[in-house]
Amino acid sequence: MKLRVAEKDIWSLMQFTENFRRSMEIILKKLYVKRMADDIGVTIIYSSGKTVFMKTNCRAPIFGRTLVARLFGVATTFYAVKT
1 MKLRVAEKDI WSLMQFTENF RRSMEIILKK LYVKRMADDI GVTIIYSSGK
51 TVFMKTNCRA PIFGRTLVAR LFGVATTFYA VKT
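Counting from 1, one number per residue, gives the positions in the sequence shown under UniProt numbering.
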């Protein structure tokens with residue numbers, strides 16, 4: 001009986017740890033994107049489906065489509081809109 005309880009507790013701990021790791025990854029990615037956006041002059045980031053739009057005061061060629069796609073981990077189309 002004690003073995004089953006211990007197995008259940010260990011399984012619960014493993015599930016909690018995995019969920020916590022996923023949550024922290026998402027938070028850190030968001031923080032990284034926001035800090036990167038501040039560094040390169042992005043004022044607003046918004047998305048529609050798989051398309052990401054960023055309003056900036058810089059020229060569009062500064063931004064790389066592959067960088068944004070790698071950050072989001074999906075096939076993403078990227079547009080920089082000069083404000």
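C-beta: ideal position from N, C-alpha, C; glycine also.
Since we're looking at a predicted model, the values are computed, not measured.
- The straight-line gap separating the alpha-carbon atoms of isoleucine 44 and lysine 55 is approximately 5 Å.
- The C-beta of valine 52 has 16 or more other C-beta atoms within 10 Å across all chains shown, which makes the residue buried.
- By the beta-carbon neighbour count (other beta carbons within 10 angstroms, threshold 16), valine 42 is buried.
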